[in-house]
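Following this note's numbering, the numbering of the sequence shown begins with 867 at its first residue and continues without gaps.
Ideal Cβ placement from N, Cα and C applies to all residues, glycine included.
Before any comments, here is the structure.
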Amino acid sequence: MVCLGNICRSPLAEGILRQLAPDWEIDSAGTGGWHVGDPPDRRSVAVARRHGIDISGLRGRQFHTDDYDGFDRIYVMDLDNYRDVIRKARTDVDKAKVQLLLDNQQPVPDPWYDDALFEPVYDMIYKACEKIINNTER
867 MVCLGNICRS PLAEGILRQL APDWEIDSAG TGGWHVGDPP DRRSVAVARR
917 HGIDISGLRG RQFHTDDYDG FDRIYVMDLD NYRDVIRKAR TDVDKAKVQL
967 LLDNQQPVPD PWYDDALFEP VYDMIYKACE KIINNTER
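So, in structure tokens, the structure goes:
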């Protein structure tokens, strides 16, 4: 799960998918390095907590080329994240792993500047994660 800073959307996505698929290896990262080592935004922590998910122990990290080796799929939150992650792809196989989280190819809005977006963003990510679970062979 990849967003810009790895403190709002992608930690929510990581927490949600970990809850839905506890046997899967799931991680999140940001395309930028501003928040490496930082906990998720307090508003993301709060919305996750309201839904019974604890993401407070997660820490920000930056997406690296090695992530292509460690994961079968890389879900990004918006087109800017997509372009940044694709730029780091080494091969067509790497590129094929990357897709937008929402299957309608719409971005997951960044709630950083609008407190009212955290709950709707949670709902969008949750529904997308349910689709991932339902469309993936276990």
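Check: Which whole-angstrom value describes the C-beta separation of V942 and Y934, a residue pair presumed to lie in contact below a C-beta threshold of 8 Å?; Outcome: Not quite, the Cβ-Cβ distance comes to about 13 Å (not below 8 Å), so this is no contact.
Check: Quick one: residues in its chain with C-beta nearer than 7 Å to the C-beta of H917, no 5 flanking neighbours on either side, listed in chain order?; Outcome: Y988
Check: For V942, name the three-state secondary structure that DSSP assigns.; Outcome: strand
Check: Would E880 and L945 be called neighbours here (beta carbons separated by less than 9 Å)?; Outcome: no
Check: Taking the continuous alpha helix (DSSP H) assigned at L924, which residues delimit it?; Outcome: First-last for L924: undefined, no H or E at that position.
Check: Three-state secondary structure (DSSP) at V974?; Outcome: coil
Check: Hey, quick one: how far does the beta strand (DSSP E) through V902 stretch, first residue to last?; Outcome: That residue, V902, is in no beta strand (DSSP E); it is neither H nor E in DSSP.
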